[in-house]
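In full-length UniProt numbering, the protein residues as written are 1 to 545. Cβ atoms here follow ideal geometry from the backbone N, Cα and C, with glycine treated the same way.
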């Protein structure tokens, strides 16, 4: 076939011809293979492009459905099975990615449009619920005509609505804060206006540190600035008034120093008779008084008047002390010149008028008064002297009578001492018997419901004690009669008797306390215990006797 070609003769040797043929063969095979690859590639690209552009394709379609739909097409047939699956998978992946991006863009667009629609709907407030908002959106023409919004995911719509409500709540909170600030600003303006009213009253001299609310209320309440304060929270008009007055009072000490400096510079001293008008005139002449409070000026005046009165009282006391010293000197002068209760002023005056104590008192009436008081004192002293002499004579007579009976008293002193000790012991025993008798009586009253045995025993013991007590009383009376006859040792015997009585009283009191304690214990013990206590007391009383 090729040997007749002139180009075949170009190779002299057969090997060269064979080598060229083989090279051509290899080259041609490569070209055919490359052409085949390109055709397959183009077929795959065409198939992929076809599938991507097909409206029947989606990312969720299966391969067998795709094969059923496109198996009759030449594009589908020329691509081998394995490559068709690769193309299908690539197309499905790309479609899924594309759909995802489209859905994302659509979601973003729908949320933005829905947010704009909600912003334009003024009837939606921060209190609107989701169900109410859905009905409002359906009635909105912009929302109803948009198919994409109608197919919007409910969760996305709810997110947009929640964000819109949150924004409305923030706006509402900001509005509340602005309203609060406006109200506070208005309240502050009202307070400032009211304080300005108080300043005006202070400048007019109507409001001072001594002012009272009840006095200025008619004047303050007539002003509109007071009415604006009513119903306002925080400090009331009364509170602000009190604060204002307290501030004026706190300035008292500083303003008092200023007033004292003014008075010192003016060489003005406040006396007891200094009027407030004079004081205020001196203070107001100084330019520093422009800042002073009228109430503090009045308080300072009162304080200075009190100091002046205290000085005046001290001066009067000093004059009184001086006058007393002069009176004492004049009385000493009267004594030195021998003035008595019978002297007359006409006789005494010439003798004393040249003495210094007499001339120290310049008022004649005072001299006469001191003279009369001195004479009255002499008369009283004379009367006391006579009464004292009478008392002394009585005491002397009494001492003489005692000395006459002293010998008998000293002889019988030892016998009386022994008898007194025996009598005191018997007296204390009789008191204890009386106490025991009272105690027995109380027990008898409390044990009326006891057995006859205990009652008879108590009655018999009572009778025995009564007999003993009566006999002892008789002895005591007889001894007291014998003591009354001997009057010589009256003082010592009476002392012993009082001592014995005190001992008897103490014994009686202790026995009464014991009886009271026993009665309390009896009230708390049982019947058997009371009976035992009663028997024990009987034994103790018998032992004492």
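Suppose you measure from the CA of residue i to the CA of residue j; what does that come to, to the nearest Å?
i	j	result
residue 369	residue 278	41 Å
residue 192	residue 311	47 Å
residue 93	residue 24	43 Å
residue 598	residue 140	Residue 598 is absent from the structure shown; the chain starts at 1 and stops at 545.
residue 349	residue 360	14 Å
residue 286	residue 247	23 Å
residue 64	residue 88	10 Å
residue 82	residue 76	12 Å
residue 123	residue 160	17 Å
residue 128	residue 171	15 Å
residue 264	residue 199	30 Å
residue 175	residue 121	19 Å
residue 107	residue 27	57 Å
residue 239	residue 213	10 Å
residue 574	residue 282	For the chain, the structure presents residues 1 to 545; residue 574 sits outside this window and is missing.
residue 73	residue 97	26 Å
residue 207	residue 181	32 Å
residue 290	residue 209	15 Å
residue 56	residue 30	39 Å
residue 187	residue 203	24 Å
residue 351	residue 337	8 Å
residue 86	residue 102	24 Å
residue 324	residue 273	27 Å
residue 316	residue 306	15 Å
residue 59	residue 152	20 Å
residue 131	residue 110	19 Å
Is residue i buried or exposed, if buried means 16 or more other CB atoms sit within 10 Å of its CB?
i	result
residue 258	buried
residue 494	With a pLDDT of only 39 at residue 494, under the threshold of 50, the placement of this residue in the model should not be trusted, and no figure is reported.
residue 125	exposed
residue 218	exposed
residue 296	buried
residue 164	buried
residue 169	exposed
residue 144	exposed
residue 347	exposed
residue 66	buried
residue 333	buried
residue 138	exposed
residue 375	buried
residue 358	buried
residue 515	Residue confidence for residue 515 is low, a pLDDT of 42 falling below 50, so the modelled location carries little weight and cannot support an answer.
residue 498	At residue 498 the pLDDT is 38, less than 50, meaning the model places this residue with poor confidence; the figure from the coordinates comes in the next sentence. Exposed.
residue 162	exposed
residue 53	exposed
residue 241	buried
Out of the options, point me to the one whose CA is closest to residue i's CA.
i	options	result
residue 231	365, 183, 375	183
residue 365	56, 327, 227	327
residue 380	367, 321, 223, 340	340
residue 372	342, 130, 362, 316	342
residue 223	38, 166, 272, 190	190
residue 114	356, 157, 335	157
residue 301	329, 317, 255	255
residue 304	288, 275, 293, 367	275
residue 344	32, 367, 173	367
residue 48	84, 19, 130	84
residue 356	134, 329, 179	329
residue 51	104, 69, 294, 220	69
residue 298	205, 220, 166	205
Could you check how far apart the C-beta atoms of residue i and residue j are, in whole angstroms? I think they sit under 8 Å.
i	j	result
residue 216	residue 197	Contact flag wrong, Cβ pair sits at about 10 Å.
residue 194	residue 237	6 Å
residue 44	residue 79	6 Å
residue 270	residue 308	5 Å
Starting from residue i and walking both ways along the alpha helix (DSSP H), at which residues does that stretch end?
i	result
residue 103	81-120
residue 268	Here residue 268 belongs to no alpha helix (DSSP H), and DSSP marks it neither H nor E.
residue 247	237-250
residue 13	No alpha helix (DSSP H) holds residue 13; DSSP gives it neither H nor E.
residue 297	294-336
residue 227	224-229
residue 290	Element bounds for residue 290: n/a, residue is neither H nor E.
residue 67	63-70
residue 340	Segment: none, residue 340 is in no alpha helix (DSSP H) and carries neither H nor E.
residue 363	First-last for residue 363: undefined, no H or E at that position.
residue 350	345-352
residue 147	147-150
residue 173	154-203
residue 281	276-284
residue 136	130-139
Confirm the yes/no value for this check: CB of residue i, any heavy atom of the ligand ADP, distance under 7 Å.
i	result
residue 176	Absence of the ligand ADP from the depicted structure is noted, as is the absence of any ligand whatsoever, leaving it without description.
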